[in-house]
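Everything on this sheet refers to the single structure shown next.
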Amino acid sequence: MLVLLPPSEGKAASGRGAPLKPESLSLPGLTPARETVLGELVELCAGDEEKAREVLGLSEGLRGEVAKNAELRTAGARPAGEIYTGVLYDALDLASLEPAAKRRAARSLLVFSGLWGAVRVTDRIPSYRCSMGVKLPALGALGAYWRAPMAEVLPEAAGGGLVLDLRSSAYAAAWKPTGEVAGRTATVRVLHAPTRKVVSHFNKATKGRIVRSLLAAGIAPEGPAELVEALRDLGYEVEAEAPAKAGKPWSLDVLVAEVH
C-alpha cells in the first residue's frame, strides 16, 4: 500500500542536526529536479525579500519564512514526519504509533511537496515554505514542473498494491496515476453525513485518523474494494463508487455523523 499525503502549510522548526543531503532522500530519481527547485528557491529568498514574499504568497507576518528559505542548504534537518504539523498530522500522530506501525508508516507514506516533489516520513529535511501552487520565476508553476519527473518515478514507487490518494487538488496536480496504477487507486472525501458537505478541517482530521487506523491495525489492502471492506471493519461509514471505465481511480466517501 502506498498512501499519498499533502504536506502541512505550517511546519515545525528545523533541527540542530546535520543539514540536508538531497542525495540521501528517498526516490533518488527526483534528485535533479529537487536540486533545481532548491537552488531557485534559495536564490529567490536570498535576494529581494519583497519579491520573494510576493512569489511565495506570504503575509507581512510570515516575512521570516523568506530568511528561513534562504538558509535551507545549511539549516539542520529532521525526519519529515516531525517537520509536517497541522490537523492531518496531529490526527495521524506518528510519534505515538507502536514500533511495527511506525515501520509500516516508513514504507507506505509519501508526502508531496512543492520543494521536494515527494518524500518519505523518515527522510530528513529542513523546515521550509514553498507550496505546490507557487510559481518560481525561472520554473513557472511547481505543480506543472513536477509532472514529468513524477511520471518517471512514481509508477515504480506505487508497487503492485493499493494507492490511497489523500492529497488536496493542488498536490494531486503534480502526479495523476494512469493506466493500471489508476485502476488500483482510491481517492477519498470526508463528508458531514447530514449535509453531505466537505468541511476542510474535519476532512483533514478524519483522513489522518483513517491512515492511523490502517497502520495501527496492520492492514494493507490490495486494492480499492478491499480498502472499503477494511474501513467498514474499522468502524467507518463508507460509500464507494467503482470507476465506469478501466484505468480510472475509485472514489470513496467517508461519512462523519458528528463533526469533531
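The letter at position 64 of the sequence shown is residue 677 when you use the numbering used here, and the numbering goes up by one with no holes. Every residue, glycine too, gets a C-beta built ideally from N, C-alpha and C. This one's a predicted model, so the numbers in the text were calculated from it and none came from an experiment.
Which residues does DSSP pair with residue i in a beta bridge?
i      : result
Ser726 : Gly730
Lys624 : Tyr697
Leu804 : Leu868
Trp863 : Ala799
My guess is that residue i and residue j are in contact by the Cβ rule of under 8 Å, so how many angstroms apart are they, rounded?
i      : j      : result
Ala783 : Ser744 : 7 Å
Ala704 : Val724 : Between Val724 and Ala704 the Cβ distance is about 15 Å, and since that is not below 8 Å, they are no contact.
Ser641 : Arg686 : According to the sequence shown, residue 641 is Pro rather than Ser. Contact doesn't hold; Cβ gap of about 19 Å is too wide.
Leu779 : Leu617 : 6 Å
Thr798 : Pro790 : 5 Å
Ser740 : Ser627 : 4 Å
Leu749 : Leu671 : Leu749 to Leu671, Cβ: 14 Å. No contact.
Arg717 : Leu828 : 5 Å
Val847 : Ala830 : Correcting the residue identity first, residue 847 is Leu in this sequence and not Val. Yes, Leu847 and Ala830 are in contact; Cβ-Cβ is about 7 Å, under 8 Å.
Arg809 : Asp706 : Going by Cβ atoms, the distance from Arg809 to Asp706 rounds to 28 Å, so no, they are not a contact pair.
Pro635 : Tyr697 : So it is not a contact: roughly 18 Å between Cβ atoms.
Val794 : Leu865 : Between Leu865 and Val794 the Cβ distance is about 17 Å, and since that is not below 8 Å, they are no contact.
Gly792 : Gly860 : 5 Å
How is the alpha helix (DSSP H) around residue i delimited, first residue to last?
i      : result
Val824 : 813-830
Val679 : 677-683
Leu617 : Not the alpha helix (DSSP H): Leu617 falls in the beta strand (DSSP E), residues 615-618.
Lys664 : 662-669
Lys888 : Look at the range of the chain in this structure, 614 to 873, and you will see that residue 888 is not part of it.
How is residue i classed by DSSP in three states: helix, strand or coil?
i      : result
Thr798 : strand
Leu779 : coil
Val747 : coil
Gly774 : coil
Gly756 : helix
Lys810 : strand
Pro837 : helix
Pro768 : helix
Pro692 : strand
Arg686 : coil
Arg737 : strand
Pro790 : coil
Ala704 : helix
Arg742 : coil
Ala857 : coil
Ser709 : helix
Ser637 : helix
Leu847 : coil
Within the continuous beta strand (DSSP E) that includes residue i, where are the two ends?
i      : result
Ala631 : Taken as a continuous stretch (DSSP letters only), Ala631 belongs to no beta strand (DSSP E), as it is neither H nor E.
Glu852 : 850-854
Leu643 : Element bounds for Leu643: n/a, residue is neither H nor E.
At a cut-off of 7 Å, would you count residue i as near the ligand ADP, judging by its Cβ distance to the nearest heavy atom?
i      : result
Phe815 : Of the ligands one can find in the structure shown there are none, so the ligand ADP has no counterpart to examine.
The stretch 758-772 contacting the stretch 808-821, beta-carbon criterion three pairs below 8 Å: no
Segment contact, 8 Å Cβ cut-off, at least three pairs: the stretch 715-722 with the stretch 648-665: no
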